[in-house]
Amino acid sequence: MFGKNKFAYDVWGQTVNIASRMETAGHVGMVNISGETYQYIKDYFDCVYRGKIEAKNIGKIDMYFVMGLKKRIFFRCERHTAQQQAY
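Residue 513 is where the sequence shown ends in our numbering, and the numbering goes up by one at each step.
Put into structure tokens, the structure is as follows:
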């Protein structure tokens, strides 16, 4: 962006604290998600339950590693892509 004004934002609250703790508890090269997020994506992604991980000043949080798309979703996407390429 170009211009004279620079916008600055601060984000505070429990959500930010949880995100920070989730990042700290993660592993390099892995996607670490909370139990709440898992409930939204479990039908589409294969995940491995890590257990309840202690998060400083928050308590224990259910955490999962995302391993990839579920095969049935992957094949559906792959077939759709092949149909698009045929046109």
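Yeah, the Cβ is synthetic: ideal placement off N, Cα and C, and Gly gets one too.
CA nearest to the CA of residue i, picked from the options
i	options	result
R447	I479, R498, M493	I479
G439	G494, V492, K497, N483	N483
Y475	G461, K486, A481, G485	G461
I487	F433, T441, R498, K432	T441
Y466	T450, A445, V492, E449	V492
For residue i: DSSP bridge partner residues
i	result
F491	N458, V474
K468	BP columns for K468 are empty, so no partner.
Counted within 10 angstroms of its Cβ, other Cβ atoms place residue i as buried (16 or more) or exposed
i	result
Y435	exposed
Y490	buried
G494	exposed
C-alpha distance - residue i paired with residue j, whole-angstrom precision
i	j	result
K496	D472	5 Å
D469	V454	25 Å
I444	G477	16 Å
Residue span of the alpha helix (DSSP H) that contains residue i, given as start and end
i	result
A434	Unbroken run through A434: none, as it is neither H nor E.
I444	440 to 451
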